[in-house]
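Okay, so the sequence shown: first residue is 1349 according to my numbering, each after it adds one.
Just below is one structure, and these are the notes that go with it.
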Amino acid sequence: MKLIFIGPPGSGKGTQAVRLEREAGIIQLSTGDMLRAAVASGSAIGQQAKSIMEAGELVSDAIIVQMIQDRIAQPDCKKGFILDGFPRTIAQAEALDVMLTDQDSHLDGVIEFQVDETILVKRIAGRFTCKQCGEGYNDFLKPPAVDGVCDICGSTEFKRRADDNTETVKTRLDAYRAQTEPLLPYYREKGLMMSVDAMNSIELVSKELDSLLLQCQASA
Ligand code: AP5
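See the structure below:
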């Protein structure tokens, strides 16, 4: 299955994509994670992206499109993937259409994570992830069962993102509204849009998403 997760920062896209990769083996392709890895490695792309990401703005379409094009051409993406954080502009969506057509492939669905913006700052300010397995946690909403120990892999090392602060969240939300929300009508017209109520608990969102994916599978 080839899916897109769309939603504002903190809406829970990454939480669900990581879970689905672990439970259903659908590869998560997160452009945010790819860019953070590039920044950490000090590569040319990382150097260009660092200050843009820290300001909460969008990295250029040219960089992002090339990154995704290279990634989805790899053999492990043949069976399917979840695009988490891509596309984020109409230009990226159009480039994705061309890439998939060239591969004689298509999208199976686009899932919007619908949230009330008031919850997002709390979700983002409290977020941290396991350094080893990438499992996501939250100080307020989803702490590990044993303080300081990852529920999944037992690691005691965690990390927080440089762009997870109140000022940057505002810019990220503005970018979402101005540049990413126009994708909703774009995909609605193609008959691909579905949505989950991402205000619910992680468990309830998981259930709603799993039943949407079953519908997608049935009609694939
Ligand atoms: P990216 O890494 O994609 O960040 P984002 O889109 O801002 O999304 P987040 O990762 O913040 O949120 P999420 O929806 O995944 O939430 P999560 O599941 O973690 O992008 C970062 C930057 O990279 C961008 O600002 C831009 O600069 C650049 N970039 C990336 N892609 C780009 C592109 N295509 N084009 C241009 N630039 C690009 O959940 C958040 C927290 O809430 C967690 O703590 C979690 O435990 C908790 N939580 C999740 N779900 C629930 C729930 N249902 N109930 C309670 N708590 C929950």
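Even for Gly, the Cβ is constructed at its ideal location relative to N, Cα and C.
In this text, all values refer to a predicted model and were calculated from it rather than measured experimentally.
Tell me whether the beta-carbon of LEU1406 lies closer than 9 Å to the beta-carbon of VAL1458.
no
Taking just the CA atoms, how far does MET1401 sit from PHE1429?
The C-alpha of PHE1429 lies about 24 Å from the C-alpha of MET1401.
Going by DSSP, which residues form a beta bridge with CYS1564?
BP columns for CYS1564 are empty, so no partner.
State the start and end residues of the unbroken beta strand (DSSP E) segment that holds ARG1436.
For ARG1436, no beta strand (DSSP E) encloses it, and the DSSP letter there is neither H nor E.
Quick one: what does DSSP say MET1542 is sitting in, helix, strand or coil?
strand
Count the other CB atoms, across all protein chains shown, that sit within 10 Å of the CB of LYS1538; report buried if there are 16 or more and exposed otherwise.
exposed
Return the Cβ separation of TYR1524 and PRO1356 in integer angstroms, given the expectation that the two are a contact with Cβ distance under 8 Å.
Right, the Cβ-Cβ distance comes to about 5 Å (below 8 Å), so this counts as a contact.
Look up CYS1498 in the DSSP assignment and say whether it is helix, strand or coil.
coil
Does the beta carbon of SER1549 fall short of 8 Å from some heavy atom of the ligand AP5?
yes
Sorted by chain position, which residues of the same chain lie with C-beta nearer than 7 Å to GLY1362's C-beta, five sequence neighbours on each side aside?
The residues are SER1378, ASP1432 and GLY1484.
With respect to the beta strand (DSSP E) encompassing ARG1475, which residues constitute its N-terminal and C-terminal limits?
For ARG1475, the enclosing beta strand (DSSP E) covers residues 1475-1478.
Tell me which residues share the same chain as ASP1456 and place their Cβ nearer than 7 Å to its Cβ, disregarding the 5 neighbours each side in the sequence.
MET1349, LYS1350, LEU1351, CYS1564 and ALA1568
Would you say GLN1440 touches the ligand AP5, meaning its beta carbon is less than 8 Å from a heavy atom?
Yes, the Cβ of GLN1440 comes within 8 Å of a heavy atom of the ligand AP5.
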